[in-house]
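**Q** In full-length UniProt numbering, the protein residues as written are 1 to 464. Even for Gly, the Cβ is constructed at its ideal location relative to N, Cα and C. All of these numbers come straight from a predicted model, not from anything done at the bench.
1) Taking the DSSP output, what are the residues bridged to residue 68?
2) DSSP beta-bridge partners for residue 267?
3) Unbroken alpha helix (DSSP H) runs of length 4 or more, entirely within the stretch 388-459: which are they?
4) Three-state secondary structure (DSSP) at residue 163?
5) What does a CB cutoff of less than 6 angstroms around residue 400 pick up in its chain, not counting 5 residues either side in sequence?
6) Starting from residue 134 and walking both ways along the alpha helix (DSSP H), at which residues does that stretch end?
7) Express the C-alpha separation of residue 116 and residue 343 in angstroms, rounding to a whole number.
8) Can you tell me which residues form a DSSP beta bridge with residue 195?
9) Kindly indicate which three-state DSSP category residue 463 falls into: helix, strand or coil?
10) Could you tell me the distance, in whole angstroms, from the CA atom of residue 469 to the CA atom of residue 109?
11) For residue 140, which option in 266, 334, 348 has the closest C-alpha, if you only look at C-alpha atoms?
12) Residues in the same chain with beta-carbon distance under 8 angstroms from residue 133, minus the five sequence neighbours each way, listed in chain order, please.
13) Note down, in chain order, each residue of its chain lying with its Cβ closer than 7 angstroms to the Cβ of residue 232, except the 5 sequence neighbours on either side.
14) Less than 8 angstroms between the beta carbons of residue 194 and residue 238, yes or no?
15) Apart from the five residues just before and just after residue 151, which ones in its own chain have a Cβ nearer than 7 angstroms to its Cβ?
16) Between residue 461 and the ligand GDP, is there a pair consisting of the residue's CB and a ligand heavy atom that are separated by less than 7 angstroms?
17) Between which two residues does the alpha helix (DSSP H) holding residue 368 run?
18) Which same chain residues, not among the five before or five after residue 313, have their C-beta less than 6 angstroms away from its C-beta?
19) Buried or exposed: residue 295, going by 16 or more other Cβ atoms within 10 Å of its Cβ?
20) Cα separation between residue 97 and residue 428?
21) Exposed or buried, which one is residue 279 when buried takes at least 16 other CB atoms within 10 Å?
22) With contact counted as at least three CB pairs below 8 angstroms, one residue from each stretch, are the stretch 194-213 and the stretch 344-353 in contact?
23) Taking only three categories from DSSP, how would you classify residue 276?
24) Nearest by alpha-carbon distance to residue 35: which of 46, 60, 50 is it?
25) State the beta-bridge partners of residue 106 as determined by DSSP.
26) Does the separation of the CB atoms of residue 162 and residue 121 fall below 8 angstroms?
27) Rank 15, 4, 253 by C-alpha distance to the C-alpha of residue 448 and give the top, closest one.
28) So, at 7 angstroms on beta carbons, what are the nonlocal neighbours of residue 38 in its own chain, with the 5 sequence-adjacent residues on each side left out?
29) Please classify residue 256 as buried or exposed, where buried requires at least 16 neighbouring CB atoms within 10 angstroms.
30) For a quick check, are the C-beta atoms of residue 456 and residue 378 less than 8 angstroms apart?
31) Determine, using beta carbons only, whether residue 249 and residue 219 come nearer to each other than 8 angstroms.
32) If I follow the unbroken beta strand (DSSP E) through residue 302, where does it start and stop?
33) Determine which residues share a DSSP beta bridge with residue 224 and list them.
34) Helix, strand or coil for residue 285 per DSSP?
35) Is residue 186 closer than 8 angstroms to residue 170 when the C-beta atoms are compared?
36) Name the residue from 356, 65, 44 whose alpha carbon lies nearest to the alpha carbon of residue 125.
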């Protein structure tokens with residue numbers, strides 16, 4: 001029995017999709033069962049055929065049902081998938097507070113929508129890989145990672161981000177922190193690291209622990225300003241131009257060209273482009289990557305699957321310019337890739353067969369809807385007293401509230417009511433600009449719309 005509630009803020013297609021998915025997982029709808037036709041179900045539920053079509057299409061793409069030509073939709077064999085308890089799965093980021101029992105709703109900046117992970121395709125590919133000759137997935141990977149995965153990544157980032165590179169220039173790593181260590185072995189020991197201010201704290205901490213001198217550079221409404229580093233040489237500029245964290249600024253092409261010209265007019269100047277959150281831009285096309293317009297080989301491109309798939313899939317990749325490849329090979333010739341070959345083969349097939357592309361498209365739509373819903377809830381509660389900052393992208397929203405100039409006070413008042421927010425000032429190394437006094441951040445990626453709505457209602461109560 002499929003039930004929908006028109007009073008809920010959850011889209012009708014999403015309710016239908018979740019109802020059927022839950023029934024399949026719990027065994028109430030069994031393998032081989034035929035689902036109602038789209039037209040019949042639309043009449044039963046009094047919804048449009050398009051609404052049912054969207055729900056069915058999502059279930060097909062995730063492998064829960066299949067469309068049999070001339071016959072209809074049938075439930076697939078999902079084997080032991082029912083052992084997964086979707087309601088209790090939680091992915092936590094180690095940069096956040098641990099086991100804070102006072103937090104009822106955490107608007108995490110780093111959460112993902114766990115229910116939307118493509119479990120069925122992932123499991124199916126794992127089984128396919130395990131059915132290979134054990135030699136195929138048990139042997140050690142070469143230092144740069146599996147060639148097949150590097151080829152798949154090379155094709156993907158060319159189509160998506162305009163990054164033109166050979167698989168031979170891609171290095172697979174076990175997360176961004178692992179690739180930071182790789183960079184540390186390639187860059188000169190006395191190489192200075194220039195970073196945005198505000199900055200993603202973990203990246204800052206990695207380079208600091210490695211002993212590099214770090215220069216914090218303020219950003220304006222177009223991103224990083226390079227006046228602070230002027231004519232310095234032997235320096236790497238670490239930036240997030242597609243979606244600056246945490247302010248959400250997208251660096252325009254004019255500023256990108258200015259930064260590239262700076263790198264060209266000196267010695268040993270590199271740009272480390274962390275293409276953070278580039279996939280999740282809503283309502284407009286992504287700005288081309290810095291790498292795509294670099295003709296001199298000064299951009300080191302850094303990408304990850306932690307945001308687009310899951311933080312628990314510790315696979316990231318580095319694209320090195322040709323002039324750094326010799327040093328990489330000399331330094332890491334006797335090492336092996338830290339990512340298991342099994343995981344690499346699974347991800348390779350996941351990308352190759354188009355599952356990753358379809359997943360990104362679905363998640364962009366889902367996160368875009370969550371973002372609009374979150375802003376709507378905030379406006380309903382705070383009206384003209386709220387001001388938003390940043391681009392229409394990413395997984396979090398920055399805002400200030402009229403008559404609240406102390407962001408730490410806002411976060412404390414919210415926490416006293418069980419709501420976890422984040423202060424923008426926590427990510428600044430230098431002075432916080434006046435316009436961001438009182439600025440707080442609210443993430444929506446891991447929460448459903450009911451929880452988002454409840455959390456914002458409770459936030460309003462806490463600040464009254």
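**A** Looking at the coordinates:
1) In the chain shown, the residue the question calls residue 68 occupies position 68. According to DSSP, which records beta bridges pairwise, residue 68 is partnered with 72.
2) On the chain shown, position 267 is the one that residue 267 refers to. The partner list for residue 267 (beta bridge, DSSP) is empty, contrary to what the question assumes.
3) Here the runs fully enclosed are 407-416.
4) Position 163 of the chain shown, counting from 1, holds the residue named residue 163. Coil at residue 163, not helix or strand.
5) Here residue 400 refers to the residue found at position 400 of the chain shown. Correct list, in chain order: 387, 438, 439.
6) Here residue 134 is taken as the residue at index 134 of the chain shown, counted from 1. For residue 134, the uninterrupted alpha helix (DSSP H) run begins and ends at 134-138, by DSSP.
7) For the purposes of this step, residue 343 is taken as residue 343 along the chain shown, with counting starting at 1. For the purposes of this step, residue 116 is taken as residue 116 along the chain shown, with counting starting at 1. Approximately 20 angstroms between the Cα atoms of the pair.
8) Locating residue 195 in the chain shown gives position 195, where the first residue counts as 1. Beta-bridge pairing links residue 195 to 216, 238.
9) Numbered from its first residue, the chain shown carries residue 463 at position 463. Looking at residue 463 - three-state DSSP - the assignment turns out to be helix.
10) For residue 469 there is no data in the structure shown, the boundaries of the chain being 1 and 464.
11) As a working note, residue 140 is residue 140 in the chain shown. Nearest of 266, 334, 348 to residue 140, Cα basis: 334.
12) Residue 133 sits at position 133 when you count from the first residue of the chain shown. None.
13) Sequence index remark: in the chain shown, residue 232 carries index 232 (1-based). For residue 232, where only same-chain residues beyond five positions count, the Cβ hits under 7 angstroms are 192.
14) Residue numbering aside, residue 194 sits at position 194 when the chain shown is read from its first letter. Residue numbering aside, residue 238 sits at position 238 when the chain shown is read from its first letter. For the pair residue 194 and residue 238, the CB atoms are nearer than the 8 angstroms cut-off.
15) In the chain shown, residue 151 corresponds to position 151, counting from 1. 167, listed in sequence order.
16) Looking at this structure, you won't find the ligand GDP or any other ligand, since it has none at all.
17) Start at 1 with the first residue of the chain shown, and residue 368 comes out as number 368. Taken as a continuous stretch (DSSP letters only), the alpha helix (DSSP H) holding residue 368 covers 355-382.
18) In the chain shown, counting from the first residue as 1, residue 313 sits at position 313. Here residue 313 has 305 as same chain residues with Cβ atoms under 6 angstroms from its own Cβ, once five neighbours each way along the sequence are excluded.
19) Translated into positions along the chain shown, residue 295 becomes position 295. Within 10 angstroms of the beta-carbon of residue 295 lie fewer than 16 other beta-carbons, which makes it exposed.
20) Locating residue 97 in the chain shown gives position 97, counting from the first residue. Locating residue 428 in the chain shown gives position 428, counting from the first residue. Confidence in residue 97 is poor, its pLDDT being 45 and thus under 50, which makes the residue's placement too unreliable to answer from.
21) Numbered from its first residue, the chain shown carries residue 279 at position 279. That one is buried.
22) Contact between the stretch 194-213 and the stretch 344-353 is absent, because fewer than three Cβ pairs lie under 8 angstroms.
23) Start at 1 with the first residue of the chain shown, and residue 276 comes out as number 276. Looking at residue 276 - three-state DSSP - the assignment turns out to be coil, as it is neither helix nor strand.
24) Indexing the chain shown from 1 puts residue 35 at position 35. Looking at the Cα atoms, 60 is the closest of the given residues.
25) Residue 106 sits at position 106 when you count from the first residue of the chain shown. 420.
26) Indexing the chain shown from 1 puts residue 162 at position 162. Indexing the chain shown from 1 puts residue 121 at position 121. Their beta carbons are not under 8 angstroms apart, which means residue 162 does not touch residue 121 by this criterion.
27) If you number the chain shown from 1, residue 448 lands on position 448. Minimum Cα distance to residue 448 is reached at 15.
28) One-based indexing of the chain shown puts residue 38 at position 38. The residues 49, 52, 53, 56, in chain order, have a CB closer than 7 angstroms to that of residue 38 in the same chain once the five nearest residues on each side in sequence are set aside.
29) Residue numbering aside, residue 256 sits at position 256 when the chain shown is read from its first letter. Under this definition residue 256 is a buried residue.
30) Taking the chain shown and counting its residues from 1, one reaches residue 456 at position 456. Taking the chain shown and counting its residues from 1, one reaches residue 378 at position 378. Contact: yes.
31) As a working mapping, residue 249 is identified with position 249 in the chain shown. As a working mapping, residue 219 is identified with position 219 in the chain shown. A Cβ-Cβ contact shorter than 8 angstroms links residue 249 with residue 219.
32) Sequence index remark: in the chain shown, residue 302 carries index 302 (1-based). Element bounds for residue 302: 299-304.
33) For the purposes of this step, residue 224 is identified with residue 224 of the chain shown, where counting begins at 1. DSSP output for residue 224 lists 219 as bridge partner(s).
34) Position 285 of the chain shown, counted from the first residue, corresponds to residue 285. Coil.
35) Your numbering for residue 170 matches position 170 in the chain shown. Your numbering for residue 186 matches position 186 in the chain shown. For residue 170 and residue 186, no; Cβs fall outside 8 angstroms.
36) Against the chain shown, residue 125 aligns to sequence position 125. The candidate whose alpha carbon is nearest that of residue 125 is 356.
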